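See structure below.
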Amino acid sequence: MSEQKIRLKWDFRGPEAKQTAKHFLTHLIEFLHKENLSRYNKESFQGIEQASTNFYSVFLIIESKELTFFKEHLKPHRAFYEES
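Per the numbering used here, residue 1 is the first one in the sequence shown, and the count goes up by one each step.
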């Protein structure tokens with residue numbers, strides 16, 4: 001059985017939400033590289049989602065065993081179990 005996946009999300013609202021989400025994603029990718037977590041540095045594991053004109057979210061899909069590390073270092077706004 002494979003490890004349970006969790007989708008972490010950071011939300012950005014307002015007229016600059018899209019640009020802010022792009023900027024945050026850049027720093028998220030830098031963090032993954034710095035912490036030697038390159039296995040998450042793929043488009044299938046991270047990206048930007050648009051909920052509406054002024055509401056964007058950055059997501060990162062991680063293995064559940066690493067949840068505590070990511071919660072302590074990156075403080076996601078929300079988290080969901082990822083469906084297989």
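For each residue, glycine too, the CB sits at the ideal point set by N, CA and C. Keep in mind it's a predicted model, so treat the numbers as computed, not measured.
Could you check the C-alpha separation between residue i and residue j for me, to the nearest Å?
i, j, result
"threonine 68", "threonine 53", "32 Å"
"leucine 129", "proline 15", "Since the first and last residues shown for the chain are 1 and 84, residue 129 lies out of range."
"glutamate 82", "lysine 71", "16 Å"
"leucine 74", "serine 2", "24 Å"
"isoleucine 48", "phenylalanine 24", "10 Å"
Report back the beta-carbon spacing between residue i and residue j to the nearest angstrom; my notes put them in contact at under 8 Å.
i, j, result
"arginine 7", "phenylalanine 55", "The pair is not a contact, with the Cβ atoms about 17 Å apart (cut-off 8 Å)."
"lysine 5", "isoleucine 62", "7 Å"
Along the chain, where does the alpha helix (DSSP H) that runs through residue i open and close?
i, result
"phenylalanine 31", "17–34"
"phenylalanine 70", "67–74"
Report all residues from its chain with a CB closer than 8 Å to the CB of residue i; omit the five preceding and five following residues, and keep chain order.
i, result
"asparagine 41", "Ile29, Leu32 and His33"
Excluding sequence positions up to five away, which residues of its chain have a Cβ less than 6 Å from the Cβ of residue i?
i, result
"arginine 78", "Lys9"
Going by Cα to Cα distance, which pick from the options is closest to residue i?
i, options, result
"phenylalanine 45", "Asn36, His27 and Val58", "Val58"
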